[in-house]
Every structure is written in C-alpha cells, then in structure tokens.
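Novice:
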Amino acid sequence: MLAHALEKPILIFGCGNILFGDDGFGPAVVQYLQEHYELPENVLAQDVGTGIREILFDLALSENKPQKLIIVDAVDFPDRSPGEVFEISVDGIPAKKTSDFSLHQFPTVNILKELQDETDIAIHIVVVQVAHLPEEVHPGLSPEVTRALPLACQRLISLLSS
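Residues in the sequence shown are numbered from 1 upward in steps of one, following the UniProt record's numbering.
#1: Give the straight-line distance between the Cα atoms of Glu144 and Val85, rounded to the nearest whole angstrom.
#2: Looking at the unbroken beta strand (DSSP E) that takes in Leu69, where does it start and where does it end?
#3: Counting only the same chain and skipping the five closest in sequence on each side, list residues whose C-beta sits under 6 Å from that of Gly83.
#4: Any idea what DSSP makes of Val90, helix, strand or coil?
#5: What number of angstroms, rounded off, separates the C-alpha of Gly21 from the C-alpha of Gly140?
#6: Let me check understanding here. Comparing Cα to Cα, which of Gln67, Val30, Ile157, Ile18 lies closest to Glu7?
#7: Using 8 Å as the threshold, is the region 113-120 in touch with the region 74-81, meaning 3 or more CB pairs across them?
#8: Evaluate Leu69 with the Cβ neighbour count: other Cβ atoms within 10 Å of its Cβ, from every protein chain shown; 16 or more gives buried, anything less gives exposed.
#9: Quick check: the Cα distance between His138 and Glu54, rounded to an integer number of angstroms?
#10: Pull up the DSSP beta-bridge partners for Ile12, would you.
#11: So for Ile157, helix, strand or coil by DSSP?
#12: For the alpha helix (DSSP H) containing Val145, name the first residue and the last one.
#13: Relative to the C-alpha of Gln116, which residue among Arg155, Ile71, Val29 is closest?
#14: Determine the direct distance from the alpha carbon of Asn64 to that of Tyr32, and round the result to whole angstroms.
Here it is in structure tokens:
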C-alpha cells in the first residue's frame, strides 16, 4: 500500500476494473473528483483498481488507522435504476460480490467486517447501479453511469464534512 495513504485520516478508494464497462465506476469517480474538486490535505482519493484486498489487508495490519474509509464501487441490484448512486453497509454487500473478481471477494468482505467491528474507522460504501457489465473486455462507462459521476462526487464531498 502507498505509505503516505496511512498518514491521511480520510481515505477514498475507487474500486473496479476499467476494462469491463460500468465496473470502472470507482476509478472514474476518483478521476472526476481529482479533476473537479480541490480535496482537503487530510484526504487521499486513490484509484485502487482491483487491488483493494491487498490495501485493506495492509490497513488492517497497520497501527495507523484512518478516521474514515470511503469505498466507491459498482453493483448490480435488481431493484435499482441504472446510474442510481446510493450507499450500502458492509453487511449489505451483495452475496454475488463475494465470489466475483472485483472489490468484494470473500477475504475483502471479511477484512471490511473486521475493520468495522474492531476499529473506530467510519466505513462508507458508495455505489452506483450498473446499466451493463460486459462479458468480454469493453472499456468505458454507460451513459447512465457516466451521468452519475458528479452525483457520486457530491455525495463524497458531503461525507467528507459529516
């Protein structure tokens, strides 16, 4: 993990694979945030791609813990509209995400639960409802998810001040 990340009290991690359509939402949010907002010195926003497991593992083992951890990712819930931005709890992570190759693989969920239960870190998971996840490599967000980028960033800015 980036050593300087452990020094920041607020961490924003954009998760996802930019090669698989809307799964690249997390990295796109971090890029949009960095291009359109001036973040306070106490905040690190980082595109972590599909490497969140290793970062969370390092964080769990570190003596220095952030005050707030915000994870940005994409989900596919049947009862949500494409491009809808909302928060889920660690316990609300879909079971399907525990076995796929992205953010919430089995060890990641366990580490997040441990961080939630055993530390004082405030954990927020901001997600977007995907419009489409391709079966094969197909970079680029759908129009619905692209329109959600500023909404997600507004939510992140509001979480920074709460």
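We put the beta carbon where it would ideally sit given N, CA and C, even for glycine.
Specialist: Concretely, from the data shown:
#1: Residue 144 sits at position 144 when you count from the first residue of the sequence shown. Residue 85 sits at position 85 when you count from the first residue of the sequence shown. The alpha-carbon atoms of Glu144 and Val85 are separated by roughly 11 Å.
#2: Position 69 of the sequence shown, counted from the start, is the residue given in the question as residue 69. Its beta strand (DSSP E) spans residues 68-75.
#3: Translated into the one-based positions of the sequence shown, residue 83 becomes position 83. If we look at Gly83 and ignore the five residues flanking it on each side, its Cβ neighbours are Glu144, Val145, Arg147, Ala148.
#4: For the purposes of this step, residue 90 is identified with residue 90 of the sequence shown, where counting begins at 1. Correct three-state label for Val90: helix.
#5: As a working mapping, residue 21 is identified with position 21 in the sequence shown. As a working mapping, residue 140 is identified with position 140 in the sequence shown. Their Cα atoms are separated by approximately 5 Å.
#6: On the sequence shown, residue 7 is found 7 positions in, with the first residue counted as 1. Cα-wise, what sits closest to Glu7 is Gln67.
#7: no
#8: As a first step, residue 69 is located in the sequence shown; it is residue number 69 there, counting from the start. So Leu69 counts as buried.
#9: The residue labelled residue 138 in the question sits at position 138 within the sequence shown. The residue labelled residue 54 in the question sits at position 54 within the sequence shown. Whole-angstrom Cα-Cα distance: 25 Å.
#10: In the sequence shown, counting from the first residue as 1, residue 12 sits at position 12. DSSP lists Ala45, Ile70 as partners of Ile12.
#11: Locating residue 157 in the sequence shown gives position 157, where the first residue counts as 1. Ile157 falls in the helix class under three-state DSSP.
#12: Residue 145 sits at position 145 when you count from the first residue of the sequence shown. Here the alpha helix (DSSP H) through Val145 covers 143-147.
#13: Residue mapping note: residue 116 aligns to position 116 of the sequence shown, counting from 1. Gln116 has its Cα closest to that of Ile71, out of Arg155, Ile71, Val29.
#14: Here the question's residue 32 lines up with position 32 in the sequence shown. Here the question's residue 64 lines up with position 64 in the sequence shown. The straight-line gap from Cα to Cα measures roughly 28 Å.
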